[in-house]
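According to UniProt numbering, the stretch in the sequence shown is residues 1 to 119, in order.
In this text, a Cβ means the ideal position worked out from N, Cα and C, and glycines have one as well.
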Amino acid sequence: MEHRRDDRKMVPAAWKTRCIRSGDVHEFILCRPGADRAAEMNDVSYLGFAEIVRGGVVVIGDEVQVSGRVVGTVHGFDETHFPNHYNILIAAGELVTGAEIGLELGEGVTFRPAPGASA
């Protein structure tokens, strides 16, 4: 995706975890959150959508990798489009789009537990 916004007004849901099922499709959005995890976020960039191949539980703080490249950590879940899909919010130092980092169709997205988290 080549999209970014500076007026998104996205607010993370209160949940610290979300179960995602095999076959689900979710959207991955980079954000630059402030100190208050629940605060509204306006500056975002869009990586793209991905189909979940292996279901599981995603936890705030999990590392997110795309084809082995770390893109950030899970900041939260926006439910604007649910039950169609979650916007999975990824805290990142730089707000880049999927197109800017050369993402291509079929690349794998992996969640890794945060350092020190129990698996």
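For this session: Taking 8 Å as the cut-off, decide whether the C-beta atoms of A50 and V25 are in contact.
Result: Contact: yes.
Exercise. Could you check where the beta strand (DSSP E) with G72 kicks off and where it finishes?
Worked result: Run containing G72: R69 to D78, per the beta strand (DSSP E) assignment.
For this session: In angstroms with no decimal places, state the Cα-to-Cα distance between A39 and A14.
Result: Looking at the backbone, the Cα of A39 and that of A14 are separated by about 11 Å.
Exercise. With a CB to CB cut of under 6 Å and the five nearest residues on each side skipped, what residues in its chain are close to K16?
Worked result: Result list for K16: I60, in chain order.
Exercise. Can you name the start and end residues of the beta strand (DSSP E) that A92 belongs to?
Worked result: Unbroken run through A92: none, as it is neither H nor E.
Exercise. How about D78 and N42: are their beta carbons less than 8 Å apart?
Worked result: Between D78 and N42, the CB-CB gap reaches or exceeds 8 Å.
Problem set entry | Cα-Cα separation between G108 and E100, rounded to whole angstroms | The straight-line gap from Cα to Cα measures roughly 17 Å.
Exercise. So V74 packs on V53, CB below 8 Å; how close in whole Å?
Worked result: The pair is not a contact, with the Cβ atoms about 18 Å apart (cut-off 8 Å).
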